[in-house]
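This report refers to the structure that appears directly beneath it.
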């Protein structure tokens, strides 16, 4: 009976120790320049790719 309790306690401790690892924070992707200011015509004109 003591061996069963010891094994159950060891398994519970191992399960708790492996589940307590921290996850990495999600990294925000860099913004993509879908629309940008057109240098040829000035600040009031925009370049739209496509």
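Residue numbers (the working numbering): -1 to 48. Beta carbons: idealized from backbone N, C-alpha and C, even for Gly.
Cβ shell of residue i (< 6 Å), same chain only, five flanking positions each side left out
i	result
residue 13	none
From the options, residue whose alpha carbon lies closest to that of residue i
i	options	result
residue 48	26, 34, 28, 27	34
Contact set for residue i: own chain, Cβ-Cβ below 7 Å, skip 5 residues either direction
i	result
residue 57	With the chain represented from -1 up to 48, any question about residue 57 goes unanswered, as that position is not in the structure.
One or two residues paired with residue i in a DSSP bridge
i	result
residue 35	44
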